[in-house]
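Novice:
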Amino acid sequence: MMPQIDEEKCDGCGLCVSVCLNNGLVIVNGVVARVEGVDCDWCTQCEIVCATGAICCPFEIVIER
Amino acid sequence: MISKLELLKSSPYFSGLGSDELEAISRFVFEKSYNNRAIIVLEGETAEALYFVASGVVKVFKTSPDGKEQTLAIIRPQETFNEVPIFDGDVNPASVQAMTEVLLYGIRSRDMGNILHTYQLVAINVIKIMAGRLRHLLALVEDLSFRHVIGRVAKILLEHAVDGTSAGPRLTQRDMAAMAGTAREVVSRSLKNLEKDGFIKIDRQRIIIKDREALSNIVSPLFETKVTDG
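Residue numbers (our numbering), protein chains in the order written: chain A, 1 to 65; chain B, 1001 to 1230.
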């Protein structure tokens, strides 16, 4: 599972790439892309630093049975 | 990377100034770089300079005596921090930490004073910027002090929870902040508090509700009355 990316909103600033502790993001052709095979810790730092809302880390909310 | 002159041109601090004036001000600008996670400014210490982020990102935060951290702002390229102690001459009211490798451009306090005396337009710009900062902080204070945001976050969690047998909606902390009418930072703090109390568990991309009844109690009007009265 990796953060969701909206390429149209991405301005390619690369801040999300620089905060990702797992090196799971990369800028390709001016927009952010996920690095295949990298597991995400869901720290949400990429979402925090993104000024355009291009990357997000949604949570599934479940009730423990 | 943005040059000193380009940064000054794009900064609201120096909006309206001509090329010669910007060139003159750029002589006061110094560079400083920091590694990821480095503490740039420490709360309570004497302030050295007004900083502009040239590249990277930093967070402004306060820490309570028991170690709880509250993020006040995320500062991105071409934005500034450390205004308050530079202009009132007091100590740093908050700490600042690098979230990435960071390059800063700075103007020392005494130099900024000279710039303000020389260029009246900069002083007017400063007033506008400080008013904007005050508005942002007032909104944060309102959320942290007067609103029962944790109750609203608990309500959102209960309303969007599924039992695990079917896929439910997925919410970002930004989504929850928009729903609760608050800042993302406040949602983050509320979730941490709910987890600390054992009501939820955050397991990567899942928020697991461990104590539904406790969450319902937080949501109930009775709880809000108790908090208001207490």
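Glycine is no exception: its CB is placed at the ideal position from the N, C-alpha and C atoms. In this text, all values refer to a predicted model and were calculated from it rather than measured experimentally.
#1: Taking a Cβ distance cut-off of 7 Å, strictly less, list which residues of the segment 1098 to 1121 of chain B are near chain A, in chain order.
#2: Taking DSSP as the reference, what is the three-state secondary structure of Tyr1119 (chain B)?
#3: Of the residues B:Pro1169, B:Val1057, B:Gln1070, which one's Cα is nearest the Cα of Leu1232 (chain B)?
#4: Along the chain, where does the alpha helix (DSSP H) containing Lys1009 (chain B) start, and where does it finish?
#5: Among residues of its own chain, excluding the 5 on either side of Val38 (chain A), which ones have a beta-carbon nearer than 6 Å to its beta-carbon?
#6: Taking the C-alpha atoms as reference points, what is the distance between Asp11 (chain A) and Ser1188 (chain B)?
#7: Does any C-beta atom of chain B lie closer than 8 Å to the C-beta of Thr44 (chain A)?
#8: Which of the three DSSP states is assigned to Cys56 (chain A) in this structure?
#9: Helix, strand or coil: which one does DSSP assign to Ala1094 (chain B)?
#10: Name the chain B residues whose beta carbon is nearer than 8 Å to that of Arg65 (chain A)?
#11: Could you name the residues of chain A that Gly1212 (chain B) contacts, counting a contact when the two beta carbons are closer than 9 Å?
#12: For the segment 21 to 45 of chain A, list every residue whose C-beta sits within 8 Å of some C-beta in chain B, in sequence order.
#13: If you draw a straight line from the C-alpha of Asp1229 (chain B) to the C-alpha of Ala1214 (chain B), how long is it?
#14: If you measure from the beta carbon of Lys1226 (chain B) to each beta carbon in chain A, is any gap under 8 Å?
#15: Below 8 Å on C-beta distance, what does Ala51 (chain A) contact in chain B?
#16: If the criterion is Cβ atoms closer than 8 Å, does the pair Ile61 (chain A) and Ile1207 (chain B) meet it?
#17: Would you call the segment 1096 to 1112 of chain B and the segment 1035 to 1044 of chain B in contact, with 3 or more CB pairs under 8 Å?
#18: For Ala1073 (chain B), which residues in the same chain have their Cβ closer than 8 Å to its Cβ, ignoring the five residues on either side in sequence?
Specialist: Looking at the coordinates:
#1: Met1099, Thr1100, Glu1101
#2: Position 119 of the second sequence holds residue 1119 (chain B). Here Tyr1119 (chain B) sits in coil by DSSP.
#3: Here chain B covers residues 1001 to 1230 and nothing more, so residue 1232 (chain B) does not appear.
#4: Along the second sequence, read from residue 1 onward, the residue named residue 1009 (chain B) stands at position 9. Looking at the DSSP string, the run of the alpha helix (DSSP H) that includes Lys1009 (chain B) is 1004 to 1010.
#5: Translated into the one-based positions of the first sequence, residue 38 (chain A) becomes position 38. Asn22, Gly24.
#6: Counting from one through the first sequence, the residue named residue 11 (chain A) turns up at place 11. Counting from one through the second sequence, the residue named residue 1188 (chain B) turns up at place 188. Whole-angstrom Cα-Cα distance: 25 Å.
#7: Position 44 of the first sequence, counted from the first residue, corresponds to residue 44 (chain A). So, interface residue.
#8: The count along the first sequence starts at 1 and reaches residue 56 (chain A) at position 56. Strand.
#9: Residue 1094 (chain B) sits at position 94 when you count from the first residue of the second sequence. Coil, per DSSP.
#10: Translated into positions along the first sequence, residue 65 (chain A) becomes position 65. The contacting residues are Asp1163, Gly1164.
#11: The residue given as residue 1212 (chain B) occupies position 212 in the second sequence. It is Arg, not Gly, that sits at residue 1212 (chain B) in the sequence shown. Those are Ile63, Glu64, listed as they occur along chain A.
#12: Cys40, Asp41, Trp42, Thr44, Gln45
#13: Residue 1229 (chain B) sits at position 229 when you count from the first residue of the second sequence. Residue 1214 (chain B) sits at position 214 when you count from the first residue of the second sequence. The predicted position of Asp1229 (chain B) is uncertain, since its pLDDT is 41 and thus under 50; a value taken from the coordinates is nonetheless stated next. Cα to Cα, the separation comes out at about 20 Å.
#14: Taking the second sequence and counting its residues from 1, the one referred to as residue 1226 (chain B) is at position 226. Any reading at Lys1226 (chain B) must be qualified, since the residue scores a pLDDT of 45, below 50, and its modelled position is unreliable; the value itself is stated next. Chain A, which has no Cβ nearer than 8 Å to the Cβ of Lys1226 (chain B), makes this no.
#15: Translated into positions along the first sequence, residue 51 (chain A) becomes position 51. In chain order: Arg1076.
#16: Along the first sequence, read from residue 1 onward, the residue named residue 61 (chain A) stands at position 61. Along the second sequence, read from residue 1 onward, the residue named residue 1207 (chain B) stands at position 207. Cβ distance < 8 Å, so Ile61 (chain A) and Ile1207 (chain B) count as in contact.
#17: yes
#18: By 1-based counting over the second sequence, the position of residue 1073 (chain B) is 73. Hits under 8 Å: Lys1059, Val1060, Phe1081, His1136.
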